[in-house]
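Counting with my numbering, you get residues 36 to 204 for the letters of the sequence shown.
All C-beta atoms, glycine included, are put in the ideal place defined by N, C-alpha and C.
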Amino acid sequence: MSPRVFVPLTLFCIAGSAADGGAYFAFSNFVMQGLHRLPVDAAVTAMQQLDITAENPWFALALFGTGLASLVLTSQVIRKQRSRAAMSRAPMLTAVVLYLLSLVVTFACNVPLNNTLANADAHAANAAQTWASFYNVWMLWNHTRTIIALASTVFFAIALARYEQGEAA
36 MSPRVFVPLT LFCIAGSAAD GGAYFAFSNF VMQGLHRLPV DAAVTAMQQL
86 DITAENPWFA LALFGTGLAS LVLTSQVIRK QRSRAAMSRA PMLTAVVLYL
136 LSLVVTFACN VPLNNTLANA DAHAANAAQT WASFYNVWML WNHTRTIIAL
186 ASTVFFAIAL ARYEQGEAA
């Protein structure tokens, strides 16, 4: 793969995985904690609204564009046996597996929890119990995907550095 394609695609993956990991980190670090300090009905309503606004083209580009670009890069590092791309194979494959795992956690764990909360009545008698169980489980999975997405960012950067080292060799 030409450096004019490999480098921008890898930079896109670095930016996308960092953006995703950063968004997840913000939720783990202060957004959810702030919501947890609100009265239950306000917390549930606010989270429902945050979930609605998260469904936008920019976030979709960061999630799915990064996933697609990472798969294109994977095909290149696997196919090229003696090339600069081959030098970045191990960190690139690690980055891609980690990034795709962050998507699996998102869509298998966090999204179903969000969907359940989206259908909850913020003013119901069991709203406090609904919020408490949502919050604890959602935070566990959010911490998990935060770590995984940010780790993928590091490995994308290592892959790019190895690719660039191949040019100097």
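What runs of the beta strand (DSSP E), each 3 residues or longer, lie entirely inside the stretch 116 to 173?
Listed in chain order, there is nothing to give.
Over what stretch of residues does the alpha helix (DSSP H) that includes residue 94 continue unbroken?
Start and end: 92 to 95.
Quick one: grab the DSSP three-state call for residue 114.
If DSSP states are grouped into helix, strand and coil, residue 114 belongs with the helices.
If you compare alpha carbons, which of 79, 48, 38 is closest to residue 151?
Taking only the C-alpha atoms, the option nearest residue 151 is 79.
Between the beta-carbon of residue 210 and the beta-carbon of residue 126, is there less than 7 Å?
Outside the shown range of the chain (36 to 204) lies residue 210, about which nothing can therefore be said.
Span of the alpha helix (DSSP H) holding residue 98?
Premise fails: residue 98 is in no alpha helix (DSSP H) and is neither H nor E.
If the criterion is Cβ atoms closer than 7 Å, does the pair residue 87 and residue 192 meet it?
In this structure, residue 192 does not lie closer than 7 Å to residue 87 by Cβ.
Mapping DSSP to helix, strand and coil, what is residue 52?
In this structure, residue 52 counts as helix in the three-state DSSP scheme.
Count the other CB atoms within 10 Å of the CB of residue 113; is the residue buried (16 or more) or exposed (fewer)?
Its Cβ having fewer than 16 others within 10 Å, residue 113 is exposed.
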